[in-house]
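K.L.:
Using my numbering, you'd call the opening residue of the sequence shown number 223 and step up by one each time.
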Amino acid sequence: MKKSIFSLRVKLAFAALLIAGFVFVGCTHPANSDTKLPDNPGGEQQSNTSTPVALTASDALVGKWVDAYKSVYEITVSDFKNYGEGYSSYEGNEPKVLYTNDAKTEGFIYIKYTKAYESAYTEPTGEDKDTWIHVPASQNAEHPEWDSPEYWYRYSTTAPDVGKWYAISFKDLAASAVKVSGAYGTKSSTATLEEAVTEFTVENGYFAYYSDCTKQ
Numbered sequence: 223m224k225k226s227i228f229s230l231r232v233k234l235a236f237a238a239l240l241i242a243g244f245v246f247v248g249c250t251h252p253a254n255s256d257t258k259l260p261d262n263p264g265g266e267q268q269s270n271t272s273t274p275v276a277l278t279a280s281d282a283l284v285g286k287w288v289d290a291y292k293s294v295y296e297i298t299v300s301d302f303k304n305y306g307e308g309y310s311s312y313e314g315n316e317p318k319v320l321y322t323n324d325a326k327t328e329g330f331i332y333i334k335y336t337k338a339y340e341s342a343y344t345e346p347t348g349e350d351k352d353t354w355i356h357v358p359a360s361q362n363a364e365h366p367e368w369d370s371p372e373y374w375y376r377y378s379t380t381a382p383d384v385g386k387w388y389a390i391s392f393k394d395l396a397a398s399a400v401k402v403s404g405a406y407g408t409k410s411s412t413a414t415l416e417e418a419v420t421e422f423t424v425e426n427g428y429f430a431y432y433s434d435c436t437k438q
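(1) Tell me the DSSP bridge mates of G329?
(2) With a threshold of 7 Å, establish whether the CB of K401 neighbours any heavy atom of the ligand SAM.
(3) Quick one: give me the first and last residue of the beta strand (DSSP E) that E296 is part of.
(4) Give me, in chain order, the residues of the same chain whose beta-carbon lies closer than 6 Å to that of G314; leave out the 5 immediate sequence neighbours on both sides.
(5) Who are the Cβ neighbours of T278 in its own chain at under 7 Å, not counting the five residues just before and after it?
(6) Mapping the DSSP letters down to three states, classify K337 as helix, strand or coil.
(7) Is the Cβ-Cβ distance between P274 and K326 less than 8 Å?
(8) How big is the Cα-Cα spacing for L320 and S272?
(9) Going by DSSP, what residue range makes up the beta strand (DSSP E) through A399?
(10) Going by DSSP, name the residue or residues bridged to G440.
(11) Do the region 280–294 and the region 429–438 make contact, defined as three or more Cβ pairs closer than 8 Å?
(12) Return yes when the Cβ of G407 is within less than 8 Å of the Cβ of Y428, no when it is not.
(13) Starting from T436, trace the alpha helix (DSSP H) in both directions and tell me its first and last residue.
(14) Within 10 angstroms of the Cβ of W368, are there 16 or more other Cβ atoms? Answer buried if so, exposed if not.
(15) Using DSSP with H/G/I as helix, E/B as strand and the rest coil, what is T412?
(16) Give the range of the beta strand (DSSP E) segment to which S457 is assigned.
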């Protein structure tokens, strides 16, 4: 159930915590309970056909972006971080950007995980057991397909995805606003940047919902 910065699996984890009575505020992979805006079919991005390049200080994406639920996406030329009030989520370095239109208002950010989501379905043990967050099993009488088992999760520097590549989609980028969506789907990471470019696309279904963010 990964990722989140800007990952849907993060939001699902938050939803489960909220049901359990443990409120954990956030922004994609524990992140947030965002009621996100659906993707605009009329403004869908095209397939990724170019080569991502390093972010520069002049890129409008660089800065601190915050959504309505106080989840933060902090983007620098060397790092990407997703966090909120009282928690930290996924992080990455070596950020690359791929613009998919001439106006540079939409595209993708690629990061190499330095901190990523991991989960377990048996109670963790050991000295670091307190770093895991417990999510009780939940049941829904009207929609049993929504039932979820008990599990534990955390964001750590030793998660299996660390060292691998992940993507965040953005659109409607302006000086003080942007919509963002963390990849969520069949894969949570790829071994190479090239694989991330071809795997994490709108066409492959990884970016269904976007968060509205403003620049701080």
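Idealized CB from N, CA, C, for every residue including glycine.
Computed from a prediction, not measured in an experiment: that's the story for all the values here.
P.N.:
Walking through what the data contain:
(1) Here residue 329 is taken as the residue at index 107 of the sequence shown, counted from 1. Note: G329 sits in a beta bridge opposite Y321 and F392.
(2) Ligands are entirely absent from the displayed structure, and the ligand SAM is therefore not among its contents.
(3) Taking the sequence shown and counting its residues from 1, the one referred to as residue 296 is at position 74. Unbroken beta strand (DSSP E) run through E296: V294 to I297.
(4) Walking along the sequence shown from the start, residue 314 turns up at place 92. Cβ within range, chain order: F302, I333, K334, Y335 and T336.
(5) By one-based count along the sequence shown, residue 278 stands at place 56. Excluding residues within five positions, the ones whose Cβ falls inside 7 Å are V299.
(6) Reading the sequence shown from its first residue, position 115 is the one you call residue 337. If DSSP states are grouped into helix, strand and coil, K337 belongs with the strands.
(7) Working through the sequence shown from its first residue, we reach residue 274 at position 52. Working through the sequence shown from its first residue, we reach residue 326 at position 104. No, the Cβ-Cβ distance between P274 and K326 is not below 8 Å.
(8) Sequence index remark: in the sequence shown, residue 320 carries index 98 (1-based). Sequence index remark: in the sequence shown, residue 272 carries index 50 (1-based). Their backbone Cα atoms lie some 7 Å apart in a straight line.
(9) Taking the sequence shown and counting its residues from 1, one reaches residue 399 at position 177. That run of the beta strand (DSSP E) goes A399 to G404.
(10) Absent from the structure is residue 440, since the part of the chain shown begins at 223 and ends at 438.
(11) yes
(12) Numbered from 1 along the sequence shown, position 206 holds the residue referred to as residue 428. Numbered from 1 along the sequence shown, position 185 holds the residue referred to as residue 407. Their beta carbons are under 8 Å apart, which means Y428 touches G407 by this criterion.
(13) Walking along the sequence shown from the start, residue 436 turns up at place 214. Not the alpha helix (DSSP H): T436 falls in the beta strand (DSSP E), residues Y431 to K437.
(14) In the sequence shown, counting from the first residue as 1, residue 368 sits at position 146. Per the 10 Å Cβ criterion, exposed.
(15) The sequence position of residue 412 within the sequence shown is 190, counting from 1. Residue state, collapsed to three classes: strand.
(16) Here the chain covers residues 223 to 438 and nothing more, so residue 457 does not appear.
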